[in-house]
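J.:
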Amino acid sequence: MSAGEHRIGLVGALLMRDGQVLLGLRAGFKRLAPNRWDMLGGHVEPGESPEQALRRELEEEAGVRIRACAELAELERGGIALRVYRVDAWDGEPQACGDEHRCLHWFEPAQAAERPDLSDPWMRELLLKLV
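Note that our numbering has the sequence shown beginning at 68, numbered continuously upward.
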């Protein structure tokens, strides 16, 4: 890595359908943001590109295969870079798979931005970009 370049450590996805965004309610036993609404996604594994990690995470967490996505934002928090994607097309019907989320739910972006139980306050800004 060159000077000033940072490694993408996390990826997140905001799936959009009919003007609504899909969020997952994180499981209560999770160390980070338990019982909070969050985007789908996770860690980029060694040797993966952010896009490969995004595809893997969405298959694991929601059982869907991405057909179309676009980078929405890149943030750095606590020395870890997060790349967030807007996902507009996929194969399969999203459903909570594995143990990451208790459930998935579609929200109007402005409605989701007002929730007091988001995983992190910076999500409000991202959600409002979708309006």
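The beta carbon of each residue, even a glycine, is placed where N, CA and C say it ideally should be. Owing to the predicted nature of the structure, the values given are computational and were not obtained by experimental measurement.
Say whether the region 165-172 touches the region 137-155, bearing in mind that this needs 3 or more beta-carbon pairs closer than 8 Å, one atom from each stretch.
T.: The region 165-172 vs the region 137-155: no contact.
J.: Within 10 angstroms of its Cβ, does Pro176 collect 16 or more other Cβ (buried), or is it exposed?
T.: Looking at its Cβ environment, which holds 16 or more other Cβ atoms inside 10 Å, Pro176 is buried.
J.: Please state whether the Cβ-Cβ distance between Val111 and Gly165 is less than 8 Å.
T.: Not a contact, by the Cβ cut-off of 8 Å.
J.: Please confirm whether Arg144 has its beta-carbon closer than 8 Å to some beta-carbon of chain D.
T.: Of the chains in the structure shown, none is chain D; there is only one protein chain.
J.: To the nearest angstrom, how far is the alpha carbon of Ala179 from that of Ala137?
T.: The alpha-carbon atoms of Ala179 and Ala137 are separated by roughly 20 Å.
J.: Less than 6 Å between C-beta atoms, sequence neighbours within five positions excluded: which residues of the same chain meet that for Gly130?
T.: So the list reads Gly159, Gln162, Cys164, once near-sequence residues are dropped.
J.: Exposed or buried, which one is Asp184 when buried takes at least 16 other CB atoms within 10 Å?
T.: The residue in question, Asp184, is exposed, as its Cβ has fewer than 16 Cβ neighbours within 10 Å.
J.: For the structure I just gave you, are there three or more beta carbon pairs, one from the region 138-149 and one from the region 93-107, closer than 8 Å?
T.: Taking 8 Å as the limit for Cβ pairs, the verdict is that the region 93-107 does not touch the region 138-149.
J.: Terminal residues of the continuous beta strand (DSSP E) containing Met190?
T.: Per DSSP, Met190 belongs to no beta strand (DSSP E); it is in the alpha helix (DSSP H), 189-196.
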